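Read in order, the letters of the sequence shown correspond to residues 1 to 641 in UniProt numbering.
C-beta: ideal position from N, C-alpha, C; glycine also.
Nothing here was measured: the structure is a model prediction, and the numbers come from that model.
Worksheet: the structure to be examined is printed underneath.
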Amino acid sequence: MLDFFTIFSKGGLVLWCFQGVRGPAATAPVNALIRSVLLQERGGNNSFTHEALTLKYKLDNQFELVFVVGFQKILTLTYVDKLIDDVHKEFRDKYRNEFQQKGALGLLNGTFDFKDDFMRLLRDAEESSKVRAPTVMKTFEQSLKSQKTVKCMIETRGEKPKEKVKNKKNKGSKKEGTEAATAPSKAPAGDKQPLTAGDKEELTKDEILQKNREEFFRRHMKAGEKSRSPKPDAQKEKGKKPRVWDLGNSNAKVLDYSNSTTNGSAEACPVEEFDPDMALGDKNREPGRLYDLEYESEDEAEEEKVVQNTSKPSVKKGGLGGMFGMLKGLVGSKSLTREDMDPVLEKMKDHLIAKNVAAEIAVQLCESVAKKLEGKVMGTFTTVTSTVKQALQEALVQILQPQRRVDVLRDVMDAQRHRRPYVVTFCGVNGVGKSTNLAKISFWLIENGFSVLIAACDTFRAGAVEQLRTHTRRLNALHPPENHGGRAMVQLYEKGYGKDAAGIAMEAISYARNQGFDVVLVDTAGRMQDNAPLMTALAKLIAVNAPDLVLFVGEALVGNEAVDQLVKFNKALADHSMAQTPRLIDGIVLTKFDTIDDKVGAAISMTYITSKPIVFVGTGQTYCDLRSLNAKAVVAALMKA
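Below you can see the structure in the form of structure tokens.
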């Protein structure tokens, strides 16, 4: 039973609608389909699930139409695909002249009486699904078992099946043949000669088997004695000795931070003296500004084949007819077919995979572009390659542009008006740069005039607290308290190792509220997406403290792994949260972007999976190496040959 069937234009004008059951209108699910699939260029799959409904759709690119059918997702309706194809063909054929002659005015002023035709097609589709005969099970006479005799299925105890015995005899004969050939040269005079064929006939099967076993063990015992090596007399001394580096510092007190006065408190770390140019990098930068990611694309001329008209010109026609036919093929009468696009899409898919886009996502992107262009009339003097490439570029830019832009500075100022700290939680797998990019974001916030409290909630990794303490000292050296009315702009809240991370984060947020901090940055331990206990602990930290922003930190070096990480992180946060609406990842921090040249496919993979924006991009080792994502620059690097 269908819930609804609607036909509308890509401009949003509903041409015809069928309501199958009483209830809410089809507006909400269709709007969700438009927002989540059509506008986001995610048309690789022709089905979409919204709450309790499953929606299937078909695009008509020639007349810019969309056909959508909705039904309950618990139902298995096998005729839906046939129905939507039949309705598409019938509707096009019936109103083709109106669309071609009147264009947009035909859509506005036309009346589409399609109910009788639709009900006829629906009945035909339902009947065709019932006509199919169910699969009949094979009878015993048709099975392979019926062809076997009772005698061949009887097995005596200690005797193997005939097929296996034959194979073993063949292998044994080959082995015996080779042994008989090499025996005269290798065997000494006193050794026993191998059994001849006449002797084997006199012996029983059990005796032959026993002789072969004895020969096998005798050969392997000899080989084992030869391979044995004498044991070394001198045993190595047990225990570990400390390694002394030739160029190292012999004074270990310089590296000992265990007696620091800041351990276990939120007091400001002592100011460290160092070269600020080395930490900042760019001297000509504007303080507090987050620059866009830049990429200089080179215009490379590519050879493209002009689309030729598939219909061959007749020999009887004169030169004038051939000239008109050639012009007709060039000036826009050619509509794209799947056969025209398949070679180009295959090359585009391989190109995307080579640029580090996950293979599954590259296939879905190409499918989405194919559905968007199939049946579309090409423009004047355009080629298939240029048309497909332009459509793919537009799809990639649309994917990278977020549905909801994350403006951290605006949200921090909004939290200031409510007199509470703005809380950001960082999560991700091991070694992606969470602590380093947390320090970069701290520096950016400080330069915009906000005070920051860093919560050291990585209580597992050795050196995690000391790393944040070093960053805190350096940030306070770059922005000393005397420049800000005697107040340290960044402080560290830590309680050592082996403690509950969720509890430390809660205490840090409470401390920041009492002390008037603007932002709390929560650093968490790195964890693999398959580690269920650690993922449960992360979900607990997020559920208990309810941060304003949850950022997933991922590196730009990964390809298919990025998909697995994001899917499982989101799934773990949803599964282990006890709230009805669990808190998932809000945005992405893409690190190590300076190490990949033009292989920027990880950005596409991450945003395609989560539909979440890339908020920050890490491009180096200094505090100023933080950028905002520029979608056009990333797509230019991705499409570079």
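**Study point:** Contiguous alpha helix (DSSP H) assignments of at least 4 residues, all confined to the stretch 76–108
**Key:** 80–102
Practice item. Could you tell me whether the stretch 533–540 touches the stretch 559–577, where touching means 3 or more Cβ pairs closer than 8 angstroms? Key: yes
Check your understanding: How would you write the range of the beta strand (DSSP E) that His50 sits in, first residue to last?
Key -> Reading the sequence shown from its first residue, position 50 is the one you call residue 50. First-last of the beta strand (DSSP E) with His50: 47–50.
Review point. Can you list, in chain order, the residues of its chain whose CB lies under 7 angstroms from that of Val558, leaving out five sequence neighbours each side?
Key: Translated into positions along the sequence shown, residue 558 becomes position 558. Within the same chain, Val558 has close Cβ partners Ala602.
Exercise for review: Return the first residue and the last residue of the alpha helix (DSSP H) that Cys457 is part of.
Suggested key: Along the sequence shown, read from residue 1 onward, the residue named residue 457 stands at position 457. Unbroken run through Cys457 is the beta strand (DSSP E), 452–457; no alpha helix (DSSP H).
Exercise for review: Using three-state DSSP, classify Asp292 as helix, strand or coil.
Suggested key: The count along the sequence shown starts at 1 and reaches residue 292 at position 292. Asp292: strand per DSSP, three-state reduction.
Exercise for review: Return the first residue and the last residue of the alpha helix (DSSP H) that Cys624 is part of.
Suggested key: Walking along the sequence shown from the start, residue 624 turns up at place 624. From DSSP, Cys624 is part of no alpha helix (DSSP H); its letter is neither H nor E.
Review point. Which value, in whole angstroms, describes the spacing of the CA atoms of residue 660 and Asn483?
Key: It is not possible to answer for residue 660, since the shown part of the chain is limited to 1 through 641.
Point to revise | Where Phe460 falls: helix, strand or coil (DSSP) | key: Mapped onto the sequence shown, residue 460 falls at position 460. In this structure, Phe460 counts as coil in the three-state DSSP scheme.
Review point. For Ile441, is the classification buried or exposed, using 16 other Cβ atoms within 10 angstroms of its Cβ as the cut-off for buried?
Key: Residue 441 sits at position 441 when you count from the first residue of the sequence shown. Under this definition Ile441 is a buried residue.
Check your understanding: Cα separation between Thr310 and Val363?
Key -> Residue numbering aside, residue 310 sits at position 310 when the sequence shown is read from its first letter. Residue numbering aside, residue 363 sits at position 363 when the sequence shown is read from its first letter. Here the model assigns Thr310 a pLDDT of 40, short of 50, so the residue's position is not dependable, and the following value carries that caveat. Taking the straight line joining both Cα atoms gives about 27 angstroms.
Practice item. Mind checking which residues open and close the beta strand (DSSP E) that includes Thr524? Key: For the purposes of this step, residue 524 is taken as residue 524 along the sequence shown, with counting starting at 1. 519–524 is the extent of the beta strand (DSSP E) around Thr524.
Review point. Can the beta-carbon of Arg92 be found less than 8 angstroms from the beta-carbon of Phe63?
Key: One-based indexing of the sequence shown puts residue 92 at position 92. One-based indexing of the sequence shown puts residue 63 at position 63. Yes. Within cutoff.
**Study point:** Reduced DSSP category for Gly428 - H, G, I as helix; E, B as strand; rest coil
**Key:** For the purposes of this step, residue 428 is identified with residue 428 of the sequence shown, where counting begins at 1. If DSSP states are grouped into helix, strand and coil, Gly428 belongs with coil.
Check your understanding: Three or more beta-carbon pairs under 8 angstroms between the stretch 575–582 and the stretch 450–461, yes or no?
Key -> no
**Study point:** Alpha carbon of Leu75 to alpha carbon of His50, nearest angstrom
**Key:** Numbered from its first residue, the sequence shown carries residue 75 at position 75. Numbered from its first residue, the sequence shown carries residue 50 at position 50. When rounded, the distance between both Cα atoms is 14 angstroms.
Practice item. Please state if the CB of Val615 and the CB of Val589 are separated by a distance shorter than 8 angstroms. Key: As a first step, residue 589 is located in the sequence shown; it is residue number 589 there, counting from the start. As a first step, residue 615 is located in the sequence shown; it is residue number 615 there, counting from the start. Yes, Cβ-Cβ distance for Val589 and Val615 is below 8 angstroms.
Exercise for review: Measure the Cβ-Cβ separation of Ile504 and Cys457 and say whether it is below 8 angstroms.
Suggested key: Here the question's residue 504 lines up with position 504 in the sequence shown. Here the question's residue 457 lines up with position 457 in the sequence shown. Their beta carbons are under 8 angstroms apart, which means Ile504 touches Cys457 by this criterion.
Check your understanding: For Leu2, which three-state DSSP category applies?
Key -> Along the sequence shown, read from residue 1 onward, the residue named residue 2 stands at position 2. Of the three classes helix, strand and coil, the one that applies to Leu2 here is strand, per DSSP.
Point to revise | Beta-bridge pairing of Leu549 - partner residues as DSSP gives them | key: By one-based count along the sequence shown, residue 549 stands at place 549. BP columns for Leu549 point to Val424.
Practice item. Kindly give me the distance between the Cβ atoms of Leu341 and Ala370, rounded to whole angstroms, as I take these residues to be in contact under 8 angstroms. Key: Here residue 341 refers to the residue found at position 341 of the sequence shown. Here residue 370 refers to the residue found at position 370 of the sequence shown. The displayed chain sequence assigns Met, not Leu, to residue 341. Contact holds; Cβ gap of about 6 angstroms.
Exercise for review: Tell me whether Lys376 sits in a helix, a strand or coil according to DSSP, three-state version.
Suggested key: Within the sequence shown, the letter at position 376 stands for residue 376. It is coil, neither helix nor strand.
Exercise for review: May I have the straight-line CA-CA distance separating Arg473 from Ile446, to the nearest angstrom?
Suggested key: Translated into the one-based positions of the sequence shown, residue 473 becomes position 473. Translated into the one-based positions of the sequence shown, residue 446 becomes position 446. Answer to the nearest angstrom: the Cα atoms are 14 angstroms apart.
Point to revise | Close beta carbons around Gln19, own chain, < 6 angstroms, minus the five adjacent residues each side | key: Indexing the sequence shown from 1 puts residue 19 at position 19. For Gln19, where only same-chain residues beyond five positions count, the Cβ hits under 6 angstroms are Phe4.
Review point. Three-state secondary structure (DSSP) at Asp113?
Key: Start at 1 with the first residue of the sequence shown, and residue 113 comes out as number 113. Coil at Asp113, not helix or strand.
**Study point:** Under 8 angstroms between C-beta atoms of Ala501 and Thr470
**Key:** As a first step, residue 501 is located in the sequence shown; it is residue number 501 there, counting from the start. As a first step, residue 470 is located in the sequence shown; it is residue number 470 there, counting from the start. It is not a contact, given that the beta carbons lie outside the stated cut-off.
**Study point:** Run of the alpha helix (DSSP H) containing Thr610, from where it starts to where it stops
**Key:** Sequence index remark: in the sequence shown, residue 610 carries index 610 (1-based). Per DSSP, Thr610 belongs to the alpha helix (DSSP H) from 601–610.
Review point. Which residues in the same chain as Ser628 place their Cβ atom closer than 6 angstroms to its Cβ, once the five residues preceding and following it in sequence are excluded?
Key: Residue numbering aside, residue 628 sits at position 628 when the sequence shown is read from its first letter. So the qualifying residues of the chain are Leu290, Asp292.
Practice item. Would you check if the stretch 371–385 and the stretch 618–627 touch, i.e. whether three or more CB-CB distances between them fall below 8 angstroms? Key: no
**Study point:** Cβ shell of Leu396 (< 7 angstroms), same chain only, five flanking positions each side left out
**Key:** Against the sequence shown, residue 396 aligns to sequence position 396. Around Leu396: Ile604, Val635, Leu638.
Point to revise | Within 8 angstroms, strictly: CB atoms of Val412 and Asp518 | key: Taking the first residue of the sequence shown as 1, we reach residue 412 at position 412. Taking the first residue of the sequence shown as 1, we reach residue 518 at position 518. Yes, they are a contact pair.
Point to revise | Residues that DSSP places opposite Leu65 in a beta bridge | key: Reading the sequence shown from its first residue, position 65 is the one you call residue 65. According to DSSP, which records beta bridges pairwise, Leu65 is partnered with Ser9, Asp60.
Check your understanding: Cβ of Phe48 within 8 angstroms of Cβ of Leu59?
Key -> On the sequence shown, position 48 is the one that residue 48 refers to. On the sequence shown, position 59 is the one that residue 59 refers to. Contact: no.
Check your understanding: Got a sec? Which residues, its chain only, sit under 6 angstroms from Asp117 by beta carbon, not counting five neighbours each side?
Key -> Working through the sequence shown from its first residue, we reach residue 117 at position 117. Here the set comprises Glu90.
Exercise for review: Could you pull the start and end residues of the beta strand (DSSP E) that Gln19 belongs to?
Suggested key: In the sequence shown, residue 19 corresponds to position 19, counting from 1. First-last of the beta strand (DSSP E) with Gln19: 14–19.
Practice item. Taking only the alpha-carbon atoms, compute the straight-line gap between Pro421 and Arg513 and give it to the nearest angstrom. Key: Within the sequence shown, numbered from 1, the residue matching residue 421 stands at position 421. Within the sequence shown, numbered from 1, the residue matching residue 513 stands at position 513. For Pro421 and Arg513, the distance between alpha carbons rounds to 6 angstroms.
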